[in-house]
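Encoded as structure tokens, the structure appears first; notes follow it.
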Amino acid sequence: MAMPQNSTRENGFCFTQPLDFSCPSPRPGEAGRPLGAVGGRDGCSPPLSNGLTSPGAPSPSDSCAQPLCTPTPAEEETPLQEGIKYVSAEGEELACGWGGFTPGCLQLCNTSKGVLFFLCVASFLQGMTVNGFINTVITSIERRFDLRSYQSGLIASSYDIAACVCLTFVSYFGGNGHKPRWLGWGVLVMGLGSLLFALPHFTTGRYEARSAAQLGVCGGNQSLPCSQAASSLSGYRFVFMLGQFLHGMGATPLYTLGVTYLDENVKTNYSPVYIAVFYTAAILGPAAGYLVGGMFLNIYTEIGREIDIAPENTLWVGAWWIGFLGAGAASLLISIPILGYPQRLPGSQRYIVMRVSEAHQLKDGSHKKASDPDFGKTVKDLPRSVLLLLKNPTFIFLCLAGATEATLIAGMSTFGPKFLESQFSLSASEAATFFGYLVVPAGGGGTFLGGFLVNKFKLRCSGIIKLCLLCTVSSLLAIFIFFIHCPNMPMAGVTQMYDGSALPGGHLNLTAACNAQCGCLQETYSPVCGTDDIMYYSPCHAGCRRVSENLRNGKKVYHECSCVDKALLPGPGTAEAGKCTSSCAKKTLLLCFMFVVILFTFLSSIPALTATLRCVSDRQRSFALGIQWIVVRTLGGIPGPIAFGSMIDKSCLLWQDQCGEQGSCYVYQNSAMSRYTLVAGLVYKVLGTTFFIVACLLYKPPAPESAPGSSDASENGTSDLQEHKPSLPAEEDL
500 MAMPQNSTRE NGFCFTQPLD FSCPSPRPGE AGRPLGAVGG RDGCSPPLSN
550 GLTSPGAPSP SDSCAQPLCT PTPAEEETPL QEGIKYVSAE GEELACGWGG
600 FTPGCLQLCN TSKGVLFFLC VASFLQGMTV NGFINTVITS IERRFDLRSY
650 QSGLIASSYD IAACVCLTFV SYFGGNGHKP RWLGWGVLVM GLGSLLFALP
700 HFTTGRYEAR SAAQLGVCGG NQSLPCSQAA SSLSGYRFVF MLGQFLHGMG
750 ATPLYTLGVT YLDENVKTNY SPVYIAVFYT AAILGPAAGY LVGGMFLNIY
800 TEIGREIDIA PENTLWVGAW WIGFLGAGAA SLLISIPILG YPQRLPGSQR
850 YIVMRVSEAH QLKDGSHKKA SDPDFGKTVK DLPRSVLLLL KNPTFIFLCL
900 AGATEATLIA GMSTFGPKFL ESQFSLSASE AATFFGYLVV PAGGGGTFLG
950 GFLVNKFKLR CSGIIKLCLL CTVSSLLAIF IFFIHCPNMP MAGVTQMYDG
1000 SALPGGHLNL TAACNAQCGC LQETYSPVCG TDDIMYYSPC HAGCRRVSEN
1050 LRNGKKVYHE CSCVDKALLP GPGTAEAGKC TSSCAKKTLL LCFMFVVILF
1100 TFLSSIPALT ATLRCVSDRQ RSFALGIQWI VVRTLGGIPG PIAFGSMIDK
1150 SCLLWQDQCG EQGSCYVYQN SAMSRYTLVA GLVYKVLGTT FFIVACLLYK
1200 PPAPESAPGS SDASENGTSD LQEHKPSLPA EEDL
């Protein structure tokens, strides 16, 4: 296939006169019609739905291979104007199918909307599996296979490691190859990774929950978890890591080649909307993963077996594996239609010719190397491709800005539920639900709205970068909401003494006279709320000696709690399982401004991606996205949760005690948590703002078109399809 190319005297065709495709010979004094005017006029054949005319050809591929109209002999002798792109489709199969099997019914899906649908399903499945199911079931996997937190962290990181390893190879060779085949095989590999991730459930024995009815109550049978023998099941972490590695390999083409395939097969001004819909599906996937994964976790992992413990019990393991089986099977199915798409869609030739280059102009003119149709087809061009991107300052600073935004997104997605859980005294499931209500409309809506705004105002590259800058500044202002916080709920022995006095020197003291005889273990953290509105570390630490068989508001009720203040009620106090309800008056304000921060952070994502595609040459788009993803993951996605986590951990009041070793944090100091979150957010938002400003200032657009009205009109297909070589001084963009 002859790829799109700028015509020069050295390579391609040399045109010197205006192009005229009108069928009859022009009358005296009448100028030839521009190419955009053909289609059902002046004796030409009627236009197809994709905008091309067909001279009686039965198939889309044949129509693309024929001239739009047959020129007269006088026109054949007229040399054409220099600067026209020539795209050949001879011998190229544009039908949808697998090999020789191309039934006519499949051609109904051989459109940009058909591709968008299947890619959206694939991105939805990827988001649901990697960012939904994994985060939901990781605690259950730790419990079932006796994994430590750092081991589960390695499982999660295997996805990003695989993506970083594969991105350069996939984006470079896939960008110059058959994109749908790379995409289809990638989705298939992703499906195999999901099936492999569920495999350990079927290769291990039955899960035996070691439970005691009165565990945690004062005087109950307190068994030390430290005495339990180490399990050999922890070796299954390598199977999970391999499954995640396959997830990362399979998803790599999706967000590089998938984006460029959409961009190449639609009008330039429609491209941001298509990409926004694609990324919106990827954002809705995790939300579905949290909901569906949480539903499966309410089913016991050994389906059909009777068990005497409830899902609230810390020994409960839900059916974590069901979601991976379903997602894996769906990925295998969806890969089949994606593999059947042609290298480019019928009618896309017209959009390629119409596209006006907005690539950053290098002073030494080396950016013109990428216009060579043979550039990038061999490994020897890889260093030159990397060098061209490194010499593009706009691309570099857009990558750095994307890394700062990715750091915030990764940090918020990881610790956002924990922030809500601490500030508003929620359970983990309630906090995840609240955060889902924030992310779905703010993240999904912001992603789609960003693409819509670029299309609505028909922004060029410079204007898109300015839109990103506006969004980043808006979220920077909104992030100051973290100056305020909700006060901690009082917790005996953690935020105050059992008698209500301040802790001496801020040191923990979970033992008091009321629970000294109970033999409570610090390893058993199960907070309860007494009738005195004070939280206690566990029923044992509250001095509770009996648990009621009847639930109150769906929660266990503990009686005869000697540590609960009896001054308010006659007789021994009682306590309910769970945290005390927070009555923070600032809750609504915090949620509203968090919504704004998330909205404007995601609002800039699609415009920034569109600017990246526009500021590089057409032949480097896939490779540029691959390099950008490496930068974003290396500098943002991977270290983001680590940076936010280390900042937030500084505000911890109560650490988990795992047999003398420090585990995760149970209780945070809300004021310190807000302060550290504000500092981290400000640092990355200021950096992102700076990078967008520098990218905007250093961007050098191509020279203005010499043909009048060629930028907007050509987008709508109503002007001549000319694209001249940039040779004039840079114009001021929108």
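So the working numbering is basically just the index in the sequence shown, starting at one, shifted up by 499.
C-beta: ideal position from N, C-alpha, C; glycine also.
Quick caveat, the model's predicted, so the values are computed rather than measured.
Inclusion of Ser1173 and His984 in the CB contact set at 8 Å is warranted, their separation being smaller than that value. Taking C-beta atoms as the reference points, Thr1080 and Thr1030 fail to come closer than 8 Å. Spanning the alpha carbons of Tyr1167 and Phe934 requires a straight line of approximately 18 Å.
The beta-bridge partner set that DSSP reports for His1058 consists of Arg1045. Under DSSP, Met1034 takes part in a beta bridge, and its partners are Met990, Cys1028. In the structure shown, the three-state DSSP call for Arg736 is helix.
Classified as buried, Lys917 has 16 or more neighbouring CB atoms from the shown chains inside 10 Å of its CB. The C-alpha of Glu1075 lies about 41 Å from the C-alpha of Tyr658. CA-to-CA, the gap between Gly652 and Gly599 works out to about 46 Å. Following the DSSP letters along the chain, one finds Thr1073 inside the beta strand (DSSP E) bounded by residues 1072-1076.
Annotation: the continuous alpha helix (DSSP H) that includes Ser693 extends over 678-702.
With respect to the 8 Å criterion, Tyr1198 and Ser961 are classified as neighbours on the basis of their beta carbons.
By the Cβ criterion, the segment 1132-1151 is in contact with the segment 894-902, since at least three pairs of Cβ atoms, one from each stretch, lie closer than 8 Å. Between the alpha carbons of Ser639 and Leu958 lies a distance of about 47 Å. Secondary structure at Gln1168: coil, using DSSP grouped into helix, strand and coil. In the displayed model, Arg843 falls within coil according to three-state DSSP, outside both helix and strand.
The alpha-carbon of Gly683 is positioned some 5 Å away from that of Ser834. Less than 8 Å separates the beta-carbon of Ser1025 from that of Ser1037. Three or more Cβ pairs closer than 8 Å define a contact, and the segment 835-846 falls short of that threshold against the segment 814-826. Residue burial is scored here from C-beta neighbours: Ser1082 has fewer than 16 other C-beta atoms within 10 angstroms and is therefore classed as exposed. Unbroken alpha helix (DSSP H) stretches of 4 residues or longer found wholly inside the segment 922-1006: 927-938, 944-955, 960-977, given in chain order. Take Ala1107, set aside five residues on each side of it, and the residues of its chain with a beta-carbon closer than 7 Å to its own are Leu897, Ala900, Gly901, Cys967, in chain order. Straight across, the Cα-Cα distance linking Thr893 with Glu929 is about 43 Å.
Nearest to Phe956 by alpha-carbon distance, out of Leu624, Val772, Thr1133, Glu1022, is Val772. In this structure Val686 is not in contact with Met748, their Cβ atoms being roughly 11 Å apart against a cut-off of 8 Å. Here Leu1153 is bridged, per DSSP, to Val1166. In the three-state scheme derived from DSSP, where H, G and I count as helix and E and B as strand, Gly803 is classed as coil. Look at Arg1120 here: in three-state DSSP terms it is helix. Take Phe1092, set aside five residues on each side of it, and the residues of its chain with a beta-carbon closer than 6 Å to its own are Ala977, Ile980, in chain order. Under the DSSP definition of a beta bridge, Gly817 partners with Tyr799. For Leu887, the closest alpha carbon among the candidates Gly631, Cys595, Ser1116, Val620 is that of Ser1116.
Between Cys970 and Phe777 a beta carbon distance of about 19 Å is seen, past the 8 Å cut, so the two are scored as non-contacting. In summary, Lys1184 is buried, with 16 or more beta-carbon neighbours lying within 10 Å of its beta-carbon over all protein chains present. The beta-carbon separation of Ile782 and Gly942, rounded to 5 Å, stays under the 8 Å limit for a contact. It is roughly 8 Å from the alpha-carbon of Val636 to the alpha-carbon of Leu796.
In the three-state reduction of the DSSP assignment, Arg647 falls in the coil class.
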